[in-house]
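>
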């Protein structure tokens, strides 16, 4: 597959193998009840759409708890992964409601800690800065990139990440 | 996922959304349902495999990081199904769409990948491209434009003392 195709997410022809090693569960205890799956609480949908920050607050609290737990056990790969997962979820959600700055901070955190097996003093401090930056974005209800203050916050955070977490990267523009 | 009134679909699709985040589930359900599509949601890859085997879907929107079975494993499993269900188009929805990851998704049998946060226009264009049909069109109406402008507006707080204090704090960090 060429790079252009990859970039454009081109349609790929699928060759179904002849050997069936895994069967879809249509019956039995693990079968899916499609009718039941078809139901969804629309009130919940509306509530989220109208007040995303309330849901984000819970995620931020979870992130703080994960950070606190990690700070006491910095070589625990599972705890790093847990923190990554929460940040990854925030990254995927916040921008959908217009909170692009929160998504950007979460993205920066994800890329900073991805594949890390242990966290040093400096790295821990920087992770804490991400949590703090998200808290400010929440407190200020910063939509989009948060205007000039949000831009300053993000550029500052990017700078310190480049300096501490990825010292070999070029400085941000 | 804003500006819902500015799109419409000329055909109803049966769409499976495999996503463990209730928030992402909700916004995809709300958006796609508003276009008239019939949407089923499941929370993990194993349920997605079961749902595709039990019901015909026009397309699957597949999250990658899910409990029990991730989106890549679920896709592989669907592609091995001994029925036409194996051919169901699958779009990866991932917050990590690096070149390496996208290659992994396509190798597993996914047809395309879309970034999270999901951009509405990009999602619809991706669905149309994967299905090879022009199903969705944008309606640049007054309501839609107004909605987009309101939703996308940046909140600008004149008091940036918290940000200034934060910047002073992080300025003391160094890489030495």
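Residue numbers (the working numbering), protein chains in the order written: chain W, 284 to 456; chain G, 209 to 384. No residue lacks a Cβ here, since even glycine has one placed at the ideal position from N, Cα and C.
Below 8 Å on the Cβ atoms is my contact criterion, and I expect residue 346 of chain W with residue 424 of chain W to pass it. Report the Cβ-Cβ distance as a whole number of Å.
About 18 Å separates the two Cβ atoms, so there is no contact after all.
> Got a sec? Which residues, its chain only, sit under 6 Å from residue 351 of chain W by beta carbon, not counting five neighbours each side?
none
> If you drop the 5 nearest sequence neighbours on each side, which residues of the same chain put their C-beta closer than 6 Å to that of residue 227 of chain G?
233 and 271
> Assign residue 381 of chain G to one of three DSSP states: helix, strand, or coil.
coil
> Whose CA, out of W:448, W:390 and W:397, lies closest to the CA of residue 377 of chain W?
W:390
> For residue 305 of chain G and residue 321 of chain G, which I take to be in contact (beta-carbon distance under 8 Å), what is that distance rounded to the nearest angstrom?
5 Å
> Give a yes or no on whether 7 Å exceeds the smallest Cβ distance from residue 379 of chain W to chain G.
Yes, because at least one Cβ of chain G sits closer than 7 Å to the Cβ of residue 379 of chain W.
> Apart from the five residues just before and just after residue 405 of chain W, which ones in its own chain have a Cβ nearer than 7 Å to its Cβ?
447
> The segment 228-244 of chain G: which residues have C-beta closer than 8 Å to a C-beta of chain W, in chain order?
229, 230, 231, 232, 233, 234, 235, 237 and 238
> Out of G:223, G:258, G:268 and G:373, state which residue places its alpha-carbon closest to the alpha-carbon of residue 243 of chain G.
Of the listed residues, the one whose Cα sits closest to residue 243 of chain G is G:223.
> Residue 331 of chain W versus chain G: which residues are under 9 Å apart at the beta carbon?
230, 231, 234, 235 and 238
> Between residue 378 of chain G and chain W, is the shortest Cβ-Cβ distance under 7 Å, so that the two count as touching?
yes
> Between the Cα of residue 414 of chain W and the Cα atoms of W:398, W:366, W:402 and W:400, which residue gives the shortest distance?
W:366
> With distance defined between alpha-carbon atoms, name the residue in G:372, G:331, G:340 and G:251 nearest to residue 215 of chain G.
G:331
> Starting from residue 416 of chain W, find everything on chain G with Cβ-Cβ shorter than 8 Å and list it in chain order.
374, listed in chain order.
> For residue 417 of chain W versus residue 385 of chain W, is the C-beta spacing smaller than 7 Å?
yes
> According to DSSP, is residue 422 of chain W part of a helix, a strand, or is it coil?
helix
> When DSSP labels each residue in this structure, what does residue 400 of chain W get in the three-state scheme?
coil
> Can you give the Cα-Cα distance for residue 326 of chain G and residue 379 of chain W, rounded to whole angstroms?
6 Å
> Please list, in chain order, the residues of the segment 407-436 of chain W that have any C-beta partner in chain G closer than 8 Å.
408, 409, 412, 415, 416, 419, 422, 423, 424, 425, 426, 427, 428, 429, 430, 431, 432, 433, 435 and 436
> Pick helix, strand or coil for residue 219 of chain G, following the three-state DSSP scheme.
coil
> Can you tell me the Cβ-Cβ gap for residue 388 of chain W and residue 437 of chain W, rounded? I've got them flagged as a contact below 8 Å.
7 Å
> Going straight from the alpha carbon of residue 440 of chain W to that of residue 362 of chain W, what length do you get?
Residue 362 of chain W has its alpha-carbon roughly 23 Å from the corresponding atom of residue 440 of chain W.
> Looking at the C-beta of residue 350 of chain W, does it have a partner C-beta in chain G at a distance below 7 Å?
no
> Within the same chain, show all residues whose beta-carbon is closer than 7 Å to that of residue 262 of chain G, passing over the 5 residues directly before and after it, in chain order.
none
> In whole angstroms, give me the CA-to-CA distance for residue 237 of chain G and residue 256 of chain G.
Annotation: residue 237 of chain G to residue 256 of chain G spans about 15 Å, alpha carbon to alpha carbon.
> At a Cβ cut of 8 Å, what residues of the segment 347-377 of chain W count as close to chain G, listed as they run along the chain?
Across the segment 347-377 of chain W, CB contacts with chain G closer than 8 Å involve 368, 371, 372, 374, 375, 376 and 377, in sequence order along the chain.
> Flag this pair as yes or no: are the beta carbons of residue 298 of chain G and residue 277 of chain G separated by less than 7 Å?
no
> Establish whether the CB of residue 309 of chain G and some CB of chain W are separated by less than 7 Å.
no
> Can you pull the chain G neighbours of residue 439 of chain W, defined as C-beta to C-beta under 7 Å?
375 and 378
> Would you grab the beta carbon distance between residue 369 of chain W and residue 349 of chain W for me? Rounded to a whole angstrom, and I think it's under 8 Å.
6 Å
> Look at the alpha carbon of residue 380 of chain G and the alpha carbon of residue 409 of chain W, and state the distance between them as a whole number of angstroms.
11 Å
> Could you tell me the distance, in whole angstroms, from the CA atom of residue 245 of chain G to the CA atom of residue 235 of chain G?
Approximately 14 Å, taken between the alpha carbons.
> Are the C-beta atoms of residue 220 of chain G and some chain W residue less than 7 Å apart?
no
> Report the residues of the segment 268-279 of chain G with a CB closer than 8 Å to any CB of chain W, ordered along the chain.
273
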